[in-house]
Amino acid sequence: MTALLRVRHLSTSFQTEAGLVRAVDDVSFDLAEGETLGLVGESGSGKTVTALSILRLIPQPPGAFGPESRIEYDGVDLLRLPSRELRKVRGAQIAMIFQEPMSSLNPVLTVGSQISEAIRAHEPVSRKEANDRAVELLDLVGIPEPGRRFRDYPHQMSGGMQQRVMIGMALSCRPKILIADEPTTALDVTIQAQILDLLLELKERFAMSVLFITHDLGVLAGVADRVAVMYGGSIVEQGPVRAVFEQPAHPYTRGLLHAVPRVDRPSDRIEGIPGSVPTATAWPSGCRFHPRCSECMKRCEVDAPPSYSAGTDHTARCWLLDQSEGQRQ
Amino acid sequence: MGRFVLRRLAQSAVIVFLVATLTFVLLRMAPGDPVRAQFRDVTVSQEVIDEYRRSWGLDRSMPVQYVQYLGNLIRGDFGQSFSLHRPAWDVIREALPNTVVLALAALGISFATGMVLGTAQGANPNSRMDHTLTVITLAVFSIPIFWLGLMFMLVFGQWMGWFPIGGEVSPVYRGLPLVGQLADRFRHLVLPALTLGLGGAAVVARFHRAAMAEAFAENFIRTARAKGLSEQTVVLKHALRNALLPAITMFGLSLPVLFSGSVLVEYVFAWHGMGLAAFEAVGRRDYNVVTAITMIGATLVVAGNMVADLLYRLADPRTAES
């Protein structure tokens, strides 16, 4: 499989009154054609900023990308593309859906017009044609009576319906890549499953690559081909979903997996990871996870670990994987 | 929608009635005698004064006067002007068109300038342009309106000689052809309209900047950009429509203020509008003219608010159903 999207050394920082916030620090990953990559981590780990950086949806200023950062789509670096050219990628090649469908839709425009305007932004079709296609898309994402619902305003729909509209809008120009930023987090549990099923079905039908962002490892197991685990603004472990779930190489990933409640394993209590996610204004020295790590060593407090191989196509940033002589204490 | 309009009309009737009552009470509580106010410079005998008082109905008891007053108002009869010896309604009929022209021009300047500046600032918050415009709008907002009017007269009227410094038309107005008459009216309108409109423009710009900046922070702006829309569409279609609500509220509030006439601007530019008429009528204790102007003003206030509410419903689908 060839990589459709290559993210290399992505660093995204924000100039704030509290100082420079390095929200994303040296993140690299590939997204292959037809692949679903799950990006998982706690709140504040940099998942959303990573996703927004891909389409340059970070306001600049206060946001800025590091000089090494590259985001290659189809051989073109999106970070250095003129904004006119970038607009042709947004929505048409790479589309995005967001966490809160309610606030992501414009409250004063009908849902139909918000879909058809996405079509008309990229294709030379008449208003009538775009509207007809918007109705078809509403039908495709499972909205009953699409012809009538076309004229609804967002507030007249439930959260699940709104997210279906967002999905329809994202698919309107048949993008190659769909970035889904916690698309089910704001929804009821039963609706979550429906939206996930819809996404999976449409992914196959449109042969898309998906970057699926979530804080919920349980969701990823059924969705993703590969997983990247983010902590403190960088990717600490990535690999095929089975390998990461069955042989997690990073203590943080192990902690996350322990924190997922399971019905097949009786336990009195769910084990969490002690402490909380550090803030991006003051990352800990060395390995950013060391203050919360149960296997913390001396060097973890001082030096940041490089990426080590943990199996086929499986890497982790942890000194525990360092095989060289005399390093382990 | 129909029920909403009916309910608002009923509320408006109550408000207008209360204003009528309050006007009656306050005018009669105010010091100064209406009859003596007409003869400030001449001495007249008590008999003459009593005669005037009888003919104006001021000799009867307050409750009787009040009932007659309400009866006249309901029939649309504002009575005679004490000082001008003609129907109070005639005074209104002459002053109102002047005020309407000035108010519309000032409203146009306020909202056209204010919305453009506010949109530009809100779309680029904290940019150099934003900071510069903030300083300018705050400065204009702080300038006393009569002083601004005087400066305009001095600079553009006296020194440059571009515009006349007072009145609605030139002395030669009647002799001009139609196009010349329109041009003459326009030239007279420029300075008072600018004086009255610029302060409003600064206020509109301040509020609209805040509304635009708020709209820009919303998630749906990110969605619009993620769709690949041009920045122009993002600003003018997605952000502006959502930022319109505060502007509509301001519009509803400024409509009556402008239509009831700005005393200061009308006085400075000798513009014969409602403000100047009110100023003179109050000085002369001309009860009927003051009442007429107040009633027109009150009607415009409630009408302005109703228009704003209706616009609100058009702009925001969420309020339309409740």
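Residue numbers (our numbering), protein chains in the order written: chain X, 52 to 380; chain S, 596 to 917.
Note that beta-carbon positions come from the ideal geometry of N, C-alpha and C, so glycine has one too.
Rounded to whole angstroms, the gap between the alpha carbons of X/V216 and X/V78 is 31 Å. If only uninterrupted beta strand (DSSP E) runs of at least 3 residues are considered, those enclosed by the region 325-374 of chain X are 359-362, 365-367. Nearest to S/L848 by alpha-carbon distance, out of S/V829, S/V798, S/G756, S/R880, is S/V798. Listed along chain X are S154, each with a C-beta nearer than 7 Å to that of S/E813.
DSSP, reduced to helix, strand and coil, places X/P112 outside both helices and strands of the structure shown, so it counts as coil. By the criterion of a C-beta distance shorter than 7 Å, S/F612 is surrounded by no residue of its chain, once the five residues flanking it on both sides are discounted.
The count of Cβ pairs closer than 8 Å, one atom from the region 613-623 of chain S and one from the region 332-346 of chain X, stays below three, leaving the stretches out of contact.
Taking a cut-off of 8 Å for Cβ pairs, the region 876-891 of chain S and the region 624-639 of chain S touch, as three or more such pairs fall below it.
Rounded to whole angstroms, the gap between the alpha carbons of X/T87 and X/A244 is 17 Å. Around the beta-carbon of S/A788, 16 or more other beta-carbon atoms lie within 10 Å, marking it buried.
Identification of residues in the region 197-208 of chain X having a C-beta nearer than 9 Å to some C-beta of chain S yields Y204, P205, H206, Q207, given in sequence order.
Out of S/L691, S/G744, S/G795, the CA that lies nearest to the CA of S/L895 is found in S/L691. The Cβ atoms of X/L191 and X/F201 do not sit closer than 8 Å to each other. With distances taken between CA atoms, X/A310 lies nearest to X/I324 out of X/I324, X/P302, X/Q298. DSSP places X/T304 in the helix class (H, G or I) of the three-state scheme. Between X/G126 and X/V58, the alpha-carbon positions lie close to 11 Å from each other. Within chain S, the residues whose beta carbon sits less than 9 Å from that of X/N157 are E813, F815, I816, T818, A819, K832, H833, R836, N837, listed in sequence order.
If you look at S/A715, you'll find it in the alpha helix (DSSP H) that goes 683-718.
In this structure, the alpha-carbon of S/G597 lies about 15 Å from that of S/S607. Going by DSSP, X/M281 is part of no alpha helix (DSSP H) but of the beta strand (DSSP E) stretching over 277-282. Remark: C-beta atoms of S/M901 and S/R648 do not approach each other more closely than 8 Å. With fewer than three CB-CB distances shorter than 8 Å, the region 693-713 of chain S does not count as touching the region 905-915 of chain S. Note on the region 151-177 of chain X: whole alpha helix (DSSP H) runs with a minimum of 4 residues are 152-155, 162-173, in chain order. In the pairwise beta carbon analysis, the region 158-169 of chain X is classified as touching the region 832-841 of chain S: at least three pairs are separated by under 8 Å.
Annotation for S/V764: D779, R780, H783 place their beta carbon closer than 7 Å to its own, counting only its chain and skipping 5 residues before and after.
The contact set of S/G823 on chain X, defined by CB atoms closer than 7 Å, consists of R138, K139, R141, G142, A143, A172, H173 in chain order.
In this structure, the CA atom of S/E646 is about 44 Å from the CA atom of S/W742. For the 8 Å CB-CB criterion, S/L786 and S/F747 form a contact. The C-beta distance from S/S676 to S/V860 rounds to 23 Å, too long to fall under 8 Å, and the pair is not in contact. Scanning chain X for C-beta atoms nearer than 7 Å to the C-beta of S/P912 yields V159, Y204, reported in chain order. Looking at the backbone, the Cα of X/R293 and that of X/S164 are separated by about 42 Å. Taking each of X/S120, X/T366, X/F149 in turn and checking the Cα distance to X/P299, the smallest one comes out for X/T366.
Using a Cβ distance threshold of 8 Å, S/A821 and X/R171 do not count as a contacting pair. Contact annotation for X/F149 against chain S: N814, R817, T818, A821 [CB-CB distance below 9 Å, chain order].
Judged by their CB atoms, X/M281 and X/K98 are nearer to each other than the 8 Å cut-off.
Annotation note: the region 64-118 of chain X contains the following uninterrupted alpha helix (DSSP H) runs of length 4 or greater, listed N- to C-terminal: 98-105.
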